[in-house]
Amino acid sequence: MTAAILTNNLTKQYGTLTALGNLDLQVRQGSIFGLLGPNGAGKTTLIRILTTLMRQSSGEAFIEGNDTRSRGRDIRCLIGVVPQENSLDRYLTARENLELHARLHKMDAARYRQRIDELMELMGLAGRQHDFPDTFSGGMQRRLVVARALVHQPRVLFLDEPTTGLDPQSRRSVWEYIRSIAGSMTIFLTTHYLEEAELLCDRIAIMDHGRLIAQGTTQELKARLSGDTLYEIEFDGETERYAALLKNMACIRSITVKGAVVNVGLEHWECLSEVVSALNGAPVRRISLRERTLEEVFISLTGAGVRQ
Amino acid sequence: MKLQGALAIWRRDMLVLRRSVLSEMVAVVAYPLTIYLAFGIGMKSYIGLVEGVPYSLFIAPGLITMTAVNAAYSESVWSLWFHRRVQFTIESYRVTPVSVSEIVVAKIFSGFTHGLVKALTVALVIFAITPFRFAPEHLLGYLAFLIPGSAFFSCAGVICGTIMDKPETIGKVEAVFIMPLIFMSGLFFPLSSYPEKVIPWIRALPTTALFEGARQALVKGSFSAMFVLQIAGMALITFVAAVWIFRLKMSD
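Chains as they are written, first to last, in my numbering: chain A, 1151 to 1458; chain B, 1104 to 1355.
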């Protein structure tokens, strides 16, 4: 099966600044792929190259097998783009915005009218379709941009930070819409919200300073964090003594103490039985597995927190 | 080049013009009409005949032409700047199968149409409230100047709207280049008023070919093929330049 998106050694340079460096990426058809990274990581540059808005300095990029350098028009027939800025035409009504987009895609009036009716319903904008976007809330404007990108039924949908600047409620509603259309097309989403990537994406790539640092499913990324498994052990007393005991065990890679709670990182989950044996008779109130967060993965890979 | 996309963008611009046509026309008519009343009527008794015609008739064709080219330039420059820098709609066009050339052609035609529509409005108002008249058969010759003239200014507007990122720069260019080009070309006075040595330079201006040629065509029915070729050539050159510059800017 052809990959929906494929890049080989993709590089973009602005003078001496490397915005993208030898990026290799493969996105499966029909999946939701999340590109995670702080501002300035190169996410938007990558999207601009993939959507043919910008030319790479070197390397290759393909959308559904079409080379971005030579098949730009073919690619633009296949893609829908939700840019960071709303880019809605404030002098056209919501419906007229969609109609213009359909005409630019050379759709027949009969076809696009029906499609726009469906999308207006889907996005909950049917009652406001003859209003101007300026009168919409941020969330509604965002939904309208998503609807515009879907008019011509694209095979690949690019969402560049689709929820940036939205309040939590609007953000959740955009997430719901994205999930509702998942499966019918490939979705390539960039974000700097870790929760968004974790919630929506089948696979995630993390990039920083123009380079891909890691990619995989959320679980794979968490698992490869340092190969260890984290447990929280809460004691009813003598916490320091038992922490010292655990610290000397070979299969424990890391240990931190916070009050009555000891966090231990095990080499692998099989070590847990050794730990339980070692703590035989100790006043243990609770042992629980602690899930790694994507932010921890990010910090461990980049050495810094997510820059907003 | 397929023009289906260009037509879609042009239709969008015309829809927006139609929506705001009343307020647009009031603003468009006010400026040339004020000039006509102030100069044409106010100065008439002091100036008398210019090149054998009353002063109010001498300046009327120029005011109609000025409206057309000003509107063509303003629409192109501001529309392109606004859609590129404020509303980001140019970017939303560029992720559709429409080519960059189609976008620029659409914007040039929109400016051109604005120019013609607004010139027609001003002409109708001038006819309605002033004694300015011309022989209907002169109209064709006049349009031979007005159409390439509007196209030239529309292309110039597209170039400025493409290369200028700050709105204040657009205003400065208008004040330093566009208005002097219009006013120096004999809009309010005959070219013979210039010193002998300066006249060849003034005649070389594309706006002189436009304003002088248009006036002679409308008022006297004389047709200067040289002037038409000059303005049509300039329109063609600026069209090629506008497309090239826009493509270059978009590939940045």
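Don't be surprised by glycine CBs; every beta carbon is placed ideally from N, CA and C.
- Burial state of residue 1141 of chain B is exposed, judged by a 10 Å Cβ sphere holding fewer than 16 other Cβ atoms.
- Cβ-Cβ distances below 7 Å link residue 1289 of chain B to 1311, 1314 and 1315 in the same chain, with the five nearest sequence neighbours on each side left out; the list follows chain order.
- Between the stretch 1265–1275 of chain A and the stretch 1292–1306 of chain A there are three or more C-beta pairs closer than 8 Å, enough to call the two in contact.
- Residue pairing by DSSP places residue 1164 of chain A opposite A:1167 in a beta bridge.
- What residue 1198 of chain B touches in chain A, judged by beta-carbon distance under 9 Å, is 1201, 1202, 1203, 1226, 1229, 1230, 1231, 1233, 1299 and 1308, going in chain order.
- Close partners of residue 1108 of chain B in chain A (Cβ separation under 7 Å): 1254.
- Closer than 9 Å to the CB of residue 1288 of chain B there is not a single CB belonging to chain A.
- When DSSP assignments are scanned along the stretch 1220–1264 of chain A, the uninterrupted stretches of alpha helix (DSSP H) that are 4 or more residues long and fall wholly within it turn out to be 1222–1228 and 1244–1254.
- In this structure residue 1264 of chain A is exposed. Its beta-carbon is surrounded by fewer than 16 other beta-carbon atoms within 10 angstroms.
- In this structure, the CA atom of residue 1137 of chain B is about 36 Å from the CA atom of residue 1243 of chain A.
- Runs of the beta strand (DSSP E) lying entirely within the stretch 1290–1318 of chain A, each at least 3 residues long, are 1306–1310 in chain order.
- Under DSSP, residue 1382 of chain A shares a beta bridge with A:1413 and A:1438.
- When Cβ-Cβ separations below 9 Å define contact, residue 1180 of chain B makes no contact with chain A.
- Among the residues of the stretch 1311–1345 of chain B, none has a Cβ less than 7 Å away from any Cβ of chain A.
- Cβ contact annotation for residue 1174 of chain B (same chain, cutoff 6 Å, sequence separation greater than five): 1217, 1218 and 1221, in chain order.
- Residue pairing by DSSP puts residue 1210 of chain A in a beta bridge opposite A:1158.
- Per DSSP, the beta-bridge partners of residue 1176 of chain A are A:1156.
- The beta carbon of residue 1293 of chain A is closer than 6 Å to those of 1273 in its chain, skipping five residues each way along the sequence.
- For residue 1403 of chain A, the enclosing beta strand (DSSP E) has its first and last residue at 1402–1408.
- Under the three-pair Cβ rule at 8 Å, the stretch 1301–1311 of chain A does not count as touching the stretch 1275–1290 of chain A.
- Taken through DSSP and simplified to helix, strand or coil, residue 1197 of chain B comes out as helix.
- Per DSSP, residue 1203 of chain A lies in no beta strand (DSSP E) and is assigned neither H nor E.
- Collapsing the DSSP output to three states places residue 1353 of chain A in a strand.
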